[in-house]
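Written below as structure tokens is the structure these notes are about.
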Amino acid sequence: MYFLNYFHTCANVARLALNRIGTAPVTFSDLDTDYRKIVKSMRVIPPPEKSYRVSFEDEDLGLFIRSSGVFDEIFYDIQPIPHDEREHFRNLIVESMNLLKSIDSRLWFMVNLLVTDVVFLKSERVGGGSGSHLFGVVCVSPSDTWGASELLESIVHEATHLNLFVCDMVNSLFNVPVDRLSENDAKVVSAVRIGQLRPLDKALHSAVVAVPLMYIQHLQSKTELVDLFSDSLKVCTSGLLAKEKFYTPYGKLVVEQLATFATSQNFDRLSADIGNPKLAVFRNELERV
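Read in order, the letters of the sequence shown are residues 32 to 320 in the working numbering.
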């Protein structure tokens, strides 16, 4: 699958760097540096030079998120996080990233590349948030009962959204303006918000994020999310396939890859796809002639 392929992510970031800042990274270190230059060009508050920055609701990014209202639909009734809890969350995210590295180092690399900031908020709603309008940022409103595994799932969920944003910026998923995807004839039942009709782009995102969540639980011999999304992913991808007229050739192939996994739920094949160098760059049929 393109959106989970290690090489495709690297190639997309390299192409985005060439387009946005005029340089093409040569080494993995260059890739990370250039990605942060891209993020800096797209955000009011620049990212850290290395790794990911952990911050809270009363620091620069948290204050910007709250004052700008960019995530008001996701996070509300935000409360202060006590200082003793902040140290707990800082330690928990290190534990979570170490867990991801032990589960699949390729996914760890992608998350480590794409996520420049993790902002903790205490909201009435538990969960995560991200958006193309705040590149590189993952917001998390954790439950008091979360351990490293639950925080990991939230971060992977949001990092996968970020990765699909990069895929779309470089290759384009849809052949119509985004507003068109919210009209009734373009809506599809979500894979994650089970039973809810969603705009086509959001339905596609829901199917895309369901896959790595199922995968990392499978690798830990857990079944909760595998069982939860098994049928809803099939329903969602069936609906996505029926909206072929809205996709570019790249978008169509991404949906077909999703549908193949939804039907087979072959995690060994998925693992192979993550590290398949043949998926590094998309070539449509016209380019192959």
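Here a beta-carbon is modelled for each residue, glycine too, at the ideal position from N, C-alpha and C.
Cα-Cα separation, residue i to residue j
{"i": "I52", "j": "I69", "result": "7 angstroms"}
{"i": "L47", "j": "N202", "result": "10 angstroms"}
{"i": "A179", "j": "P208", "result": "39 angstroms"}
{"i": "R319", "j": "R117", "result": "With a pLDDT of only 37 at R319, under the threshold of 50, the placement of this residue in the model should not be trusted; the figure read from the coordinates follows. Distance between the alpha carbons of R319 and R117: 52 angstroms."}
{"i": "D199", "j": "R137", "result": "21 angstroms"}
{"i": "I254", "j": "Q288", "result": "Ile is not the amino acid found at residue 254; the sequence shown has Thr there. Taking the straight line joining both Cα atoms gives about 22 angstroms."}
{"i": "K309", "j": "R84", "result": "33 angstroms"}
{"i": "R211", "j": "L271", "result": "15 angstroms"}
{"i": "F277", "j": "K283", "result": "9 angstroms"}
{"i": "K71", "j": "K233", "result": "26 angstroms"}
{"i": "E155", "j": "W177", "result": "15 angstroms"}
{"i": "P230", "j": "F166", "result": "21 angstroms"}
{"i": "A241", "j": "F298", "result": "13 angstroms"}
{"i": "Y37", "j": "S302", "result": "11 angstroms"}
{"i": "V57", "j": "F260", "result": "39 angstroms"}
{"i": "V187", "j": "P243", "result": "7 angstroms"}
Beta carbon of residue i nearer than 7 angstroms to that of residue j
{"i": "L145", "j": "L183", "result": "no"}
{"i": "F87", "j": "F151", "result": "yes"}
{"i": "A290", "j": "C267", "result": "no"}
{"i": "H39", "j": "A311", "result": "yes"}
{"i": "L204", "j": "K218", "result": "no"}
{"i": "T294", "j": "N206", "result": "no"}
Local conformation of residue i per DSSP, three classes
{"i": "L228", "result": "strand"}
{"i": "V207", "result": "coil"}
{"i": "V220", "result": "strand"}
{"i": "F87", "result": "strand"}
{"i": "S82", "result": "coil"}
{"i": "V101", "result": "coil"}
{"i": "P308", "result": "helix"}
{"i": "I69", "result": "helix"}
Interface flag, residue i vs chain D, CB-CB below 7 angstroms
{"i": "P78", "result": "This model lacks chain D altogether, as it is built from one protein chain only."}
Whole-angstrom C-beta distance between residue j and residue i, which should lie under 8 angstroms
{"i": "S161", "j": "E189", "result": "4 angstroms"}
Secondary structure, alpha helix (DSSP H): runs of 4+ residues fully inside the region 263-298: Fully enclosed alpha helix (DSSP H) runs of 4 or longer: 280-295.
Sequence ranges, alpha helix (DSSP H) only - wholly within the region 106-171, length at least 4: Along the length of the region 106-171, whole alpha helix (DSSP H) runs at least 4 residues long occupy 114-134, 136-145, reported in chain order.
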